[in-house]
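Engineer: Protein chains in written order, with my numbering: chain A, 1 to 92; chain B, 1001 to 1927.
(1) Ordered along the chain, which non-local residues of its own chain (more than five positions away) have a Cβ less than 6 Å from that of residue 1955 (chain B)?
(2) According to the neighbour-count rule (16 or more other Cβ atoms, all chains shown, within 10 Å of its Cβ), is residue 1700 (chain B) buried or exposed?
(3) Taking 8 Å as the cut-off, decide whether the C-beta atoms of residue 1313 (chain B) and residue 1277 (chain B) are in contact.
(4) Just by C-beta distance, which residues in the region 21-32 of chain A are closer than 7 Å to chain B?
(5) So is residue 6 (chain A) in contact with chain B if we call contact Cβ pairs under 8 Å?
(6) Mapping the DSSP letters down to three states, classify residue 1821 (chain B) as helix, strand or coil.
(7) Using the C-alpha atoms, what's the distance from residue 1827 (chain B) back to residue 1617 (chain B)?
(8) Please check if any C-beta of chain B sits within less than 8 Å of the C-beta of residue 61 (chain A).
(9) Any idea what DSSP makes of residue 1451 (chain B), helix, strand or coil?
(10) Flag residue 56 (chain A) as yes if its beta-carbon sits less than 8 Å from any beta-carbon of chain B, otherwise no.
(11) Hey, could you find the ends of the beta strand (DSSP E) residue 1884 (chain B) is sitting in?
(12) Going by DSSP, which residues form a beta bridge with residue 1393 (chain B)?
(13) From which residue to which residue does the alpha helix (DSSP H) around residue 1810 (chain B) run?
(14) Roughly how far, in whole angstroms, is the beta-carbon of residue 1730 (chain B) from the beta-carbon of residue 1656 (chain B), given that I think they are within contact range, below 8 Å?
(15) So what does DSSP say about residue 1656 (chain B), is it helix, strand or coil?
(16) In three-state terms, what does DSSP make of residue 1732 (chain B)?
(17) Which residues bound the beta strand (DSSP E) around residue 1683 (chain B)?
(18) At a CB-CB cut-off below 9 Å, which residues of chain B make contact with residue 38 (chain A)?
(19) Taking residue 1192 (chain B) as the reference, which of B:1251, B:1221, B:1246 and B:1160 has the closest Cα?
(20) I'd like to know if residue 34 (chain A) contacts chain B, where contact means its C-beta is closer than 8 Å to some C-beta of that chain.
(21) Just to confirm my understanding: we take residue 71 (chain A), look at its own chain, exclude 5 residues before and 5 after, and list those with CB closer than 8 Å. What are they?
(22) Pick helix, strand or coil for residue 1504 (chain B), following the three-state DSSP scheme.
(23) Would you mind giving the Cβ-Cβ distance between residue 1389 (chain B) and residue 1380 (chain B), rounded to the nearest angstrom? I have them listed as a contact below 8 Å.
(24) Show which residues of chain A have a CB atom less than 7 Å away from the CB atom of residue 1644 (chain B).
(25) Counting Cβ pairs closer than 8 Å, one from the region 1341-1359 of chain B and one from the region 1065-1081 of chain B, do we hit at least three?
(26) Just to check my reading of the structure: residue 53 (chain A) and residue 18 (chain A) have Cβ atoms closer than 8 Å, yes? What is that Cβ distance to the nearest angstrom?
(27) Below 8 Å on the Cβ atoms is my guess for residue 1918 (chain B) versus residue 1858 (chain B); work out the distance and round it to an integer in Å.
(28) Under 7 Å, CB to CB, which of the residues in the region 1242-1270 of chain B have a partner in chain A?
(29) Name the residue from B:1159, B:1200, B:1163 and B:1160 whose alpha carbon lies nearest to the alpha carbon of residue 1179 (chain B).
(30) Taking 8 Å as the cut-off, does the region 1688-1700 of chain B touch the region 1742-1759 of chain B (at least 3 CB pairs, one atom from each stretch)?
(31) For residue 79 (chain A), tell me which candidate among A:1, A:2, A:3 and A:8 has the shortest Cα-Cα distance.
(32) Does residue 1674 (chain B) get closer than 8 Å to chain A when you measure Cβ to Cβ?
(33) Can you pull the chain C residues whose beta carbon is under 7 Å from the beta carbon of residue 1682 (chain B), in chain order?
(34) Have a look at B:1872, B:1900, B:1055 and B:1908 and flag the residue whose alpha-carbon is nearest the alpha-carbon of residue 1465 (chain B).
(35) Per DSSP, residue 1835 (chain B) is paired with what?
(36) Under 8 Å Cβ-Cβ, which residues of chain A neighbour residue 1570 (chain B)?
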């Protein structure tokens, strides 16, 4: 069973986590047209490569971000929300 | 006497402890420590089973339980490996896959029709006419095929699971594994050493790597002794590592127990599996691997035959010949398949003991008499006769090479390369932390014979014993266009049997390589997946770890005679009474609530505490209603929709302070709602604290016109009359001395108070209320009565009356939507969905009489399904059957008629009724 390093709990069995998919920016609901909003809701990029994903350690309900290669299934790094915001601000 | 072939010196058997068992109804004597196969071999029983397709007699082949040749039937269990299963007194063993008797199988005629059953036969022969397969062929083929018989009356087994950790897991307890375990322990690691066999030592126990055995035994004793003296090494024998999973997670089965082991590193010292030669009759009982003969001699003290021929394609064959001589067998000849005479010291020793060595020979065929080996025909270089030279023998021991036990290594991500010079598969490309040792790594292992394959014009040269596949079958599969090994496997079934390619993969790769003009390494083997060897379903099913939750009042429900039901992980009372009077019990509870007062345990409802300056803003975003203006000590209905606008949860929100909401969720929704809230706030970063307090509270709902009579004597700190405590009020006060939260709700449509107390006080609360409520006629009611009561009020249950698509508009709950709010989750989607209304609505309906309506019965219109029943119940209050259903939008008006299809195929007519069915003015809950 795969291990995933939770920023709060350390390496834990993957069965303790749920993944809520790739991080996607929500368009502004006040200005987005119906098509743009539908795309946001139902289209997943399905990137073959490195993606940022939402993961939750369910016993502790702790949300964090994992940087994962979807082809090799290698988890490159996990981030707390603060760490993730910092790299997003840096424009990565 | 434990058999005519018994000799002294068997490592695993105790000559002083005979064990009597039966095979095919006849009694035999073996020794404690014998396997079924070794005990039968000691008694000269050669045929253990019949083959899968042609019903050919089969016997010991590997003595390692790698194949289907020695699968036998026990009274409660089919397909038991005779080569690995110990005998116990009275064990009743039978052969498998025959009709009549094992010796005279009435289906053995199938073997003579082999040439009419070419590879892919089943795919083609039974294809036409249409339907013939199901009606005619399948029942007949099923009667012939398969191996053992499943015993439907098998005794119950007990299986369980263990989780374990180690720094280093060493798989294989032979020389390499023992050495690796000692090295790792010496470096300070906690080591788990796993071996499939009953004792450590591997091939050191039975192999003959040198002329004299003494050095081998001394090495074994030194290594095994050293491992036994190291506390950091945990030894598991009789345990098979049956799967490698990501990040060094191993599935190890020992008896009826599955060990899930997380290792820091893994050393695979799984050894190498001796390979058969392919020649006509290579499956006849009496033809076995050299290592099988050695295992019989050294492990079990059994002489494998009286007169032996050794087929040597490697130098190990000479060690086998020496062992056979030492065991008292006559060795008629060593048939050396290689062109050059061996210079190995064991070959010199064999020659010195006057064994005839036939160099540069090839094999024509093995011949059987009465189902076991009688002679082997060989051809010497330069012999041009048709039949060659026949050598009389009852044992042919074959040593032509080995295949590294690659299964775990390939599961871990390794790949096979082929060393053409040594005719060996080697393993490369392993992930970090997985290493190989010993034979698995290609160390200390001689060259294989490059081509021990001898076709015969009359066939019966088997590549795969499990599946009765011959050389022709593989060649024909390639001729049919299946060039890749994975396709050859699927077309021919090579490697699909219990041996999973252990004895066939190398030959199949060689044949496909030859037929397609490629290197063996480019052909490779088929994907290796867990399990390595067959495992019982009991191991997988076994004892589970399913959490259960019980409320603080659980025992009170049982004492009151409740029938319990599950709701998610929770146990809840369904109704109070006996199953035989279920309907009466539910009706009685419903009437009590409508006419007097009832009490239901609502501890299972989720309870979330939302605190902080942004609490109201957070609620506004999470739920469809508006909460910023909600007054303190008031509660509001909450409806949660997802981003697609579908209803996913509901409850009530109590405001106990400007910055404090206490929110309830459905019983099964609390964890999901909590997780969802945390996810959104990970993005929003509002200044709120969200806590799941579900387990901290126990609660009851007191409902009915006399609810105040029950509560008034017990409540301290707030009034319960309509003026002090109006409908939708929420107060913190005390009840019977217990701090409590009081919520005035109307889920069941009567005057009602929910009382939430610390979970530790739940039972005390229940007792106090039952005690003072007796005079008012208080009765406990269960989930079933609550479902009827709320249905009478037309209140939905999320997840029962809603599905993944249901919008508030479909459920007529637009009253719960604050459309003027700038944002709530799902709002934008609901705006879009308002422009494309669905074709269905959730409606109330009533039917005459009491037809057997069920949830999920279809609502039909013009013969098409337009919806389905979500709730249906007999209403004791209204004296009719009522329900909720999705119906066509145009039928959603009162008095419209619906057609509902019952389970038995009949249709009933239902009439749409405006909701709620009961108390449309909502006067009773506001009393």
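Ideal Cβ positions, reconstructed from N, Cα and C, are used throughout, including at glycine.
These numbers come from a predicted model, not from an experiment.
Structural biologist: Taking the definition as stated:
(1) Residue 1955 (chain B) cannot be examined here, being either before or after the span of chain B that is shown, 1001 to 1927.
(2) buried
(3) yes
(4) 29
(5) Interface residue (Cβ-Cβ distance to chain B less than 8 Å): residue 6 (chain A) is not classified as such.
(6) coil
(7) 15 Å
(8) yes
(9) Three-state result, residue 1451 (chain B): coil.
(10) Answer yes: the Cβ-Cβ gap between residue 56 (chain A) and chain B drops below 8 Å somewhere.
(11) 1880-1888
(12) Paired residues: none, contrary to the question.
(13) Here residue 1810 (chain B) belongs to no alpha helix (DSSP H), and DSSP marks it neither H nor E.
(14) Confirmed, Cβ separation roughly 7 Å.
(15) strand
(16) strand
(17) Not the beta strand (DSSP E): residue 1683 (chain B) falls in the alpha helix (DSSP H), residues 1670-1684.
(18) Below the 9 Å Cβ cutoff, chain B contributes 1829 and 1832 as neighbours of residue 38 (chain A), in chain order.
(19) B:1251
(20) yes
(21) 48 and 49
(22) coil
(23) 7 Å
(24) 41
(25) no
(26) Their Cβ separation, rounded to whole angstroms, is 11 Å, which puts residue 53 (chain A) and residue 18 (chain A) out of contact at 8 Å.
(27) About 27 Å separates the Cβ atoms of residue 1918 (chain B) and residue 1858 (chain B), ruling out a contact at the 8 Å cut-off.
(28) 1245, 1246, 1247 and 1249
(29) B:1200
(30) yes
(31) A:8
(32) It does; some Cβ of chain A falls within 8 Å.
(33) Protein chains A and B are contained in the structure displayed, whereas chain C is not.
(34) B:1055
(35) According to DSSP, residue 1835 (chain B) bridges with nothing at all.
(36) By Cβ distance, chain A contributes nothing, its closest Cβ being about 18 Å from residue 1570 (chain B), past 8 Å.
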